[in-house]
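J.:
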Amino acid sequence: MGASLTPHSTPPGVLGRSFYDRNVLAVARDLLGCVVRHRTPAGVVGVRLSEVEAYAGESDPGSHAFRGPTPRTQVMFGEAGHAYVYFSYGMHWCVNLVCGPVGTASAVLLRAGEVVEGLDLARSRRPAARKDVDLARGPARLTQALAVDRAQDGVDVCSGSSLEVVAGQPVPDSAVVWGPRVGVAGAGAPTPWRVSLVNDPTVSAYRVGGRRSPGKRST
DNA sequence: CTTATGATTTCCT
DNA sequence: GGAAATCATAAGC
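Our numbering numbers the first residue of the first sequence as 1012 and each following residue consecutively.
Here it is in structure tokens:
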């Protein structure tokens, strides 16, 4: 990524379709520093993204799209700029933004960020978070703080819906770091697909050997 | 500080 | 039936 993607020259305001309709790695990088906003009857919460992760369509073994379209992954194969929300580990919701032309099935997972709007509301939704930096530090925590769930699956974030992404200050390459995936089965993914802001306290912790091996269950 | 483990639903085979 | 793009908590150092 040496040949740096230009820091996004996106006009201020809500990111439009063209922002998402391009290479998934470029979109991931440019999403850093942008603010995801979700408006509900209870109010608005905004999260400034500090960590995201790219999933590169059907050719990517780590992607839900790897085995082709299914009812669950249908949204990923559709138009860029829509939210793909999936349920994970029996209790969590995670949100992606679909990228690239129709049929590409690539998407960016929103992994972590800093709550910059609606702090009190976010706190009330995340009672377990002791510190504000933990409010949206992790993909499922982020959706919890934003109150994003199944209802937002397939939502177009480019057409004035309650869920949208607003351009932020451009982030220089020196403030960005690329790393490996976290928590994905079939590790050893060759490409660093995770991008985050350097020295940002809201970036989720990367545990080297800290994961429990899946499939091992003591009854 | 680090490491280990249960919780609990959805989707695919 | 079993795995899954995780988190909160408990226990050990």
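Backbone N, C-alpha and C define an ideal beta-carbon position, used for all residues, glycine too.
Just so you know, these numbers come straight off a predicted model, no measurement behind them.
Should Leu-1026 and Ala-1178 be called a contact, given that it needs their Cβ atoms to be closer than 8 Å?
T.: Yes.
J.: Within the continuous beta strand (DSSP E) that includes Arg-1122, where are the two ends?
T.: Element bounds for Arg-1122: 1117 to 1128.
J.: Nearest-angstrom Cα distance between Gln-1180 and Val-1119?
T.: For Gln-1180 and Val-1119, the distance between alpha carbons rounds to 19 Å.
J.: For Cys-1110, write down the residues that DSSP places opposite it in a beta bridge.
T.: Ser-1117.
J.: Pick from Arg-1050, Leu-1042 and Asp-1160: whose alpha carbon is nearest that of His-1103?
T.: Looking at the Cα atoms, Asp-1160 is the closest of the given residues.
J.: Do you know offhand how far Asp-1145's Cα is from Arg-1136's?
T.: Near 12 Å, if we compare the C-alpha coordinates of Arg-1136 and Asp-1145.
J.: CA-CA distance, Thr-1213 and Pro-1082?
T.: Distance between the alpha carbons of Thr-1213 and Pro-1082: 33 Å.
J.: How close, in whole Å, do the beta carbons of Gly-1149 and Ala-1123 come, if the pair is a contact with beta carbons under 8 Å?
T.: Gly-1149 to Ala-1123, Cβ: 6 Å. Contact.
J.: Can you name, in chain order, every residue of its own chain whose Cβ lies under 6 Å from the Cβ of Glu-1090, other than the five neighbours on each side?
T.: Answer for Glu-1090: Val-1113, listed in chain order.
J.: In chain order, what residues of the same chain have a beta carbon less than 8 Å from the beta carbon of Gly-1197, not counting five sequence neighbours either side?
T.: Because Gly-1197 sits at a pLDDT of 48, beneath the cut-off of 50, its placement in the model cannot be relied upon, and the following sentence gives the value as read from the coordinates. Within the same chain, Gly-1197 has close Cβ partners Pro-1072 and Gly-1073.
J.: Assign Val-1055 to buried or exposed, taking buried as 16 or more other Cβ atoms, counted over all protein chains shown, within 10 Å of its Cβ.
T.: Exposed.
J.: Between the alpha carbons of Asp-1184 and Ala-1037, how many angstroms are there, rounded?
T.: Approximately 12 Å, taken between the alpha carbons.
J.: Nearest-angstrom Cα distance between Pro-1191 and Ala-1147?
T.: Whole-angstrom Cα-Cα distance: 20 Å.
J.: So Arg-1040 and Val-1187 are supposed to be a Cβ contact under 8 Å. How far apart are they, rounded?
T.: Right, the Cβ-Cβ distance comes to about 6 Å (below 8 Å), so this counts as a contact.
J.: Anyone know if the C-beta pair for Trp-1189 and Val-1206 falls short of 8 Å?
T.: Yes, these two residues count as a Cβ contact at 8 Å.
J.: Please classify Ala-1156: does DSSP put it in a helix, a strand, or coil?
T.: Helix, per DSSP.
J.: Ordered along the chain, which non-local residues of its own chain (more than five positions away) have a Cβ less than 7 Å from that of Ala-1053?
T.: Result list for Ala-1053: Leu-1132, in chain order.
J.: According to DSSP, is Tyr-1031 helix, strand or coil?
T.: Three-state result, Tyr-1031: helix.
J.: Mind reading off the beta-carbon distance from Arg-1028 to Gly-1092? Whole number of angstroms is fine, and I expect it under 8 Å.
T.: Contact flag correct, Cβ pair sits at about 5 Å.
J.: Looking at the structure shown, is Ser-1061 part of a helix, part of a strand, or coil, going by DSSP?
T.: Three-state DSSP puts Ser-1061 in a strand.
J.: Look at the alpha carbon of Phe-1030 and the alpha carbon of Val-1046, and state the distance between them as a whole number of angstroms.
T.: Going by the C-alpha atoms only, they are around 14 Å apart.
J.: Would you decide whether Asn-1210 is buried or exposed? Buried here means 16 or more other CB atoms lie within 10 Å of its CB.
T.: Result: exposed.
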